[in-house]
Amino acid sequence: MNTVKLDIHAKLMKSYKQVPQWWFLILLAGSIGISLLMSFVWKEDVQLPWWGMLFAFGLAFIVTLPIGVIQATTNQVADSKQFSTGLSLIHSRIASDVKTTLYRTSNTITNKEES
């Protein structure tokens with residue numbers, strides 16, 4: 001590993017301290033907590049029940065690895081919509097589908113080239 005030559009960007013990044021893992025876990029727990037709080041406090045505005053948010057978070061957790069493997073090996077961007085359906089089928093509310101899509105795909109967003 002010592003024989004690897006670092007590019008200029010890696011050399012510049014070595015001057016910064018590594019961000020600790022607990023910081024990312026705090027951000028994850030905080031965002032899940034605030035999202036669940038919103039589903040209880042603004043129930044009519046959010047239109048997505050608490051279990052729907054937990055389902056979207058769990059689905060995003062499960063499909064992150066397969067989507068990453070597909071993209072890394074084939075250079076094809078796979079969307080998590082290909083792995084699941086929206087929760088709007090249960091409630092027939094468009095806001096529910098939008099929020100489910102947001103929570104389900106926010107971890108798998110990549111820059112797609114427009115053709």
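Counting with this note's numbering, you get residues 1 to 115 for the letters of the sequence shown. Here a beta-carbon is modelled for each residue, glycine too, at the ideal position from N, C-alpha and C.
Where does residue i sit, in a helix, a strand or coil, going by DSSP?
i      : result
Ser88  : Because Ser88 carries a pLDDT of 49, less than 50, the predicted location of this residue cannot be relied on, and the following value inherits that uncertainty. Helix, per DSSP.
Thr3   : coil
Gln21  : helix
Ser15  : coil
Leu48  : coil
Gln76  : coil
Glu114 : Here Glu114 scores only 38 on pLDDT, less than 50, and its place in the model should not be relied on; the value that follows carries that caveat. Note: Glu114 maps to coil in three-state DSSP.
By Cβ distance, which residues of its chain are closer than 7 Å to residue i, with the 5 residues on each side in sequence left out?
i     : result
Leu36 : Trp50 and Met53
Leu6  : none
Ser39 : Val46, Leu48, Pro49, Trp50 and Met53
Val4  : none
Out of the options, which has the shortest C-alpha to C-alpha gap to residue i?
i     : options                       : result
Trp22 : Lys5, Ser15 and Gly30         : Gly30
Leu28 : Gly58, Asn75, Val69 and Val63 : Gly58
Phe61 : Ile32, Pro20, Ile8 and Lys17  : Ile32
Using only the heavy atoms of the ligand FAD, determine whether one of them is closer than 8 Å to the beta carbon of residue i.
i     : result
Val69 : Looking for the ligand FAD in the displayed structure turns up nothing, as the structure carries no ligands at all.
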